[in-house]
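Residue numbers (this note's numbering), protein chains in the order written: chain A, 4 to 233; chain B, 344 to 709. Below you'll find the structure, written out as structure tokens, and then a few comments.
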Amino acid sequence: MWPKKLEKYRSILEIRDYIKSKKVEFKRNDLRGKIKIAVIDDDSFKPRPNLENYGFQFDELQDIKSIEKISKYDIVICDLMDVGTNFDSAIGGASIIGEIKRNYPSKYVIAYTGARANSPESIAAKEYADAHVKKDTEITKLVSELDEAIDYSLDPYEKWIITRQGLIDLDVDLREVVKLEDAYVQSVLSKDANLQGFKSAIISAAIPGHAKAIAQSLAASVIYRILFPS
Amino acid sequence: MIFALPCIVTRGQDDFEFLQGRLFPLPPELSTNYQIKKYSEARIIGWSRCDLGYWTFTTTHETGRFIVPGLHLTDAERPRKRIHGHNAMFSKRQIEGYTADFFAAMRDSKVEAEKALTSLVHDLRHLSHSIYHSALEVEDSCRNRNTAQALEKIKSVIASQAMLKVRIDYLDFSNSVDRFSEIEEIPVYSRVDKVKRCFSSNANSKNIDLHLVGESFRLARGPNILDIVTYTFVENAIKYSPCNQHVEILVSDTDCATRVSVSSLGPAIEKGELLEIFNNGQRGKNAVKVRPSGTGLGLSVARDIIDVFSGSIGVTPSGEIKNVDGVPFQRVTFFFQIPTSGEDAKRKSRIEKFRSQRRKAQILTT
Numbered sequence: 004m005w006p007k008k009l010e011k012y013r014s015i016l017e018i019r020d021y022i023k024s025k026k027v028e029f030k031r032n033d034l035r036g037k038i039k040i041a042v043i044d045d046d047s048f049k050p051r052p053n054l055e056n057y058g059f060q061f062d063e064l065q066d067i068k069s070i071e072k073i074s075k076y077d078i079v080i081c082d083l084m085d086v087g088t089n090f091d092s093a094i095g096g097a098s099i100i101g102e103i104k105r106n107y108p109s110k111y112v113i114a115y116t117g118a119r120a121n122s123p124e125s126i127a128a129k130e131y132a133d134a135h136v137k138k139d140t141e142i143t144k145l146v147s148e149l150d151e152a153i154d155y156s157l158d159p160y161e162k163w164i165i166t167r168q169g170l171i172d173l174d175v176d177l178r179e180v181v182k183l184e185d186a187y188v189q190s191v192l193s194k195d196a197n198l199q200g201f202k203s204a205i206i207s208a209a210i211p212g213h214a215k216a217i218a219q220s221l222a223a224s225v226i227y228r229i230l231f232p233s
Numbered sequence: 344m345i346f347a348l349p350c351i352v353t354r355g356q357d358d359f360e361f362l363q364g365r366l367f368p369l370p371p372e373l374s375t376n377y378q379i380k381k382y383s384e385a386r387i388i389g390w391s392r393c394d395l396g397y398w399t400f401t402t403t404h405e406t407g408r409f410i411v412p413g414l415h416l417t418d419a420e421r422p423r424k425r426i427h428g429h430n431a432m433f434s435k436r437q438i439e440g441y442t443a444d445f446f447a448a449m450r451d452s453k454v455e456a457e458k459a460l461t462s463l464v465h466d467l468r469h470l471s472h473s474i475y476h477s478a479l480e481v482e483d484s485c486r487n488r489n490t491a492q493a494l495e496k497i498k499s500v501i502a503s504q505a506m507l508k509v510r511i512d513y514l515d516f517s518n519s520v521d522r523f524s525e526i527e528e529i530p531v532y533s534r535v536d537k538v539k540r541c542f543s544s545n546a547n548s549k550n551i552d553l554h555l556v557g558e559s560f561r562l563a564r565g566p567n568i569l570d571i572v573t574y575t576f577v578e579n580a581i582k583y584s585p586c587n588q589h590v591e592i593l594v595s596d597t598d599c600a601t602r603v604s605v606s607s608l609g610p611a612i613e614k615g616e617l618l619e620i621f622n623n624g625q626r627g628k629n630a631v632k633v634r635p636s637g638t639g640l641g642l643s644v645a646r647d648i649i650d651v652f653s654g655s656i657g658v659t660p661s662g663e664i665k666n667v668d669g670v671p672f673q674r675v676t677f678f679f680q681i682p683t684s685g686e687d688a689k690r691k692s693r694i695e696k697f698r699s700q701r702r703k704a705q706i707l708t709t
């Protein structure tokens, strides 16, 4: 039994199966078109026309100077070679991926590369990225990777678990984490597309600025507007 | 591998290799199977002596030990037995210095080889995925019975394959010049035009206006690898140019040569780098800032090829320096000039015929 004071807080476990029950309401093709994917590549994204035929939507960014540029995307595909010159050029795109995961842990990042498996860029990317795809991979595999990314992005449970870990890694007081989790679960259960309750909880939380930014990036995700259309 | 000193390289228990030295061989008295095995079993790292009193230096490398036996040291106790003709006299410092330098050079060469391999895998995979996705687009156009679009997409497949061919030729040439001993008459303008077409899609993706100007019907005599030079120039121009710029390829004839130049806005090349960037492994300071990956091989291979054609190669910066994302950029023109061996008469007459027909048609219209 939990202490009485804790019982009033809602737990993320209450929405663990939320997406499973919800997913049947979405058609795969509809989902693909609803989440825009950012592509960071110095070259044109060759699979784009073929993937658009499958219903995916992309925005191509050649290289980025600050990771804020990808703040509005839930899924990011990042090349490893000849990007990341404004970060750590020794590991190229892997440095961008590392920065994204440090600042927006709930975003799904795919390392997309023609680099050798044992190059410094690939080794570093494997450490940070959620998935690693070779540039010349078959279209069906690429599609299934992107579908997996969308499935993850649409799952409010998974997104909070990752965000919560990010907050814990920053030594955020567990009592504040519990409060934020409560606000998040309440927002999801009340189908609040703007996560207003969660956003208010972030503002009032006594947590460092970096931790707030991590929580805010979760609140800014477009997935809640897809999950809870008005 | 060639070693100056005789040595034994071990790679594990009972796995060793004895290699004779170029500077002096190990005499039979010191290199019986029994002795070699014994040297290979030496566990002492540093200096030790064999039964005849000759010195052995043992050091470790990545996967085992490196042993230099049979040494007569000038700054240590002399061997107990003198072997006629064997005069391997060195100081301890010389031997230790040699092995340290040798392993440093091995490490450097491994790093360089790794870099070149990484670049190769990257380029091949890039071309492979380019061909694959263009082919899928063709398939899609065919399914939709859009023949015009399919034909257009097929051009992309052919262009990517042509780039792959040049990349393979480049690889072949950078490893063995002999492979290209066959001499041909090469129509310079046509080859430049072919390379330009390969890069159309790449240029479009950066909104770069890539255009070819000038005219030449000249032939150049040499191996069929001239494409690599234009390929390197155009590839670099597109790679390093900021978006929305123009890249101009100019082909022109002088009295006895054909000149090809590729002009673009690129990372500014400093005065001291103008010649250096054509050396193997050298890259411009500002180019590295824009593109950290790169082997510095492209221009050096281009220079080697132009040497084979007895031509000249160079780069000329011009215009004002402007700052793009913190890096100085300037208009740079890479050029090569190769001697003329004749004229492509067939192509010339074909084009002249076409032009005359067009003129007639214009007159009739007006």
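Where a beta carbon is used, it is the ideal one built from N, C-alpha and C, also for glycine. Quick caveat: nothing in here was measured; it's all calculated off a predicted structure.
{"Item": "Do N89 of chain A and K72 of chain A have their C-beta atoms closer together than 7 Å?", "Value": "no"}
{"Item": "Beta-carbon separation of S109 of chain A and I165 of chain A under 7 Å?", "Value": "yes"}
{"Item": "Using DSSP with H/G/I as helix, E/B as strand and the rest coil, what is Q60 of chain A?", "Value": "strand"}
{"Item": "Could you run through the region 116–145 of chain A and flag, in chain order, every residue whose CB is less than 7 Å away from some CB of chain B?", "Value": "G117, A118, R119, S122, K137, K138, D139, I142"}
{"Item": "Counting only beta-carbon separations shorter than 7 Å, does N53 of chain A have a partner in chain B?", "Value": "yes"}
{"Item": "Do you know how far the Cα of G557 of chain B is from the Cα of S655 of chain B?", "Value": "19 Å"}
{"Item": "By how many angstroms is the C-alpha of S653 of chain B removed from the C-alpha of V590 of chain B?", "Value": "27 Å"}
{"Item": "Comparing the C-beta of S147 of chain A with each C-beta of chain B, is any distance below 7 Å?", "Value": "no"}
{"Item": "How about G101 of chain A and G95 of chain A: do their beta carbons lie closer than 7 Å?", "Value": "no"}
{"Item": "Put L369 of chain B into one of helix, strand or coil per three-state DSSP.", "Value": "coil"}
{"Item": "Who are the near neighbours of P50 of chain A in its chain, counting only those whose CB is closer than 8 Å to its CB and skipping five residues on each side?", "Value": "I142, L145"}
{"Item": "Assign S559 of chain B to one of two classes, buried (16 or more other C-beta atoms within 10 Å of its C-beta) or exposed (fewer than that).", "Value": "buried"}
{"Item": "If we count the other Cβ atoms within 10 Å of its Cβ and call it buried at 16 or more, is L16 of chain A buried or exposed?", "Value": "exposed"}
{"Item": "With a threshold of 7 Å between beta carbons, is V464 of chain B in contact with chain A?", "Value": "yes"}
{"Item": "Would you tell me roughly how many angstroms separate the C-alpha atoms of A93 of chain A and K380 of chain B, rounded to the nearest one?", "Value": "44 Å"}
{"Item": "For T402 of chain B, report the span of its beta strand (DSSP E) as first-last.", "Value": "398–404"}
{"Item": "Quick one: complete alpha helix (DSSP H) runs, 4+ long, within the region 601–625 of chain B?", "Value": "616–619"}
{"Item": "Between the Cα of P211 of chain A and those of A:V180, A:K30, A:A132, spot the shortest distance and give me the residue it belongs to.", "Value": "A:V180"}
{"Item": "Is there a Cβ from chain B that is less than 7 Å from the Cβ of S92 of chain A?", "Value": "yes"}
{"Item": "Give the interface partners of V633 of chain B over in chain A, defined as CB-CB distance under 9 Å, in chain order.", "Value": "D85, T88"}
{"Item": "For the region 380–438 of chain B, list the beta strand (DSSP E) runs that are entirely contained and at least 3 residues long, ordered along the chain.", "Value": "389–392, 398–404, 407–416"}
{"Item": "With DSSP as the reference, please indicate the residues paired to Y115 of chain A in a beta bridge.", "Value": "A:D82, A:V136"}
{"Item": "Any beta carbon from chain B within less than 7 Å of K49 of chain A's own beta carbon?", "Value": "yes"}
{"Item": "Q189 of chain A and I13 of chain A - do their beta-carbons sit closer together than 7 Å?", "Value": "The question names Ile, but residue 13 of chain A in the sequence shown is Arg. Contact flag set, yes."}
{"Item": "Where does P52 of chain A fall in DSSP's three states?", "Value": "helix"}
{"Item": "Helix, strand or coil: which one does DSSP assign to D358 of chain B?", "Value": "strand"}
{"Item": "Got a sec, what are the start and stop residues for the beta strand (DSSP E) E528 of chain B sits in?", "Value": "527–530"}
{"Item": "Have a look at V675 of chain B and D687 of chain B and give me their C-alpha separation to the nearest angstrom.", "Value": "30 Å"}
{"Item": "In whole angstroms, what separates the C-alpha of P635 of chain B from that of A114 of chain A?", "Value": "18 Å"}
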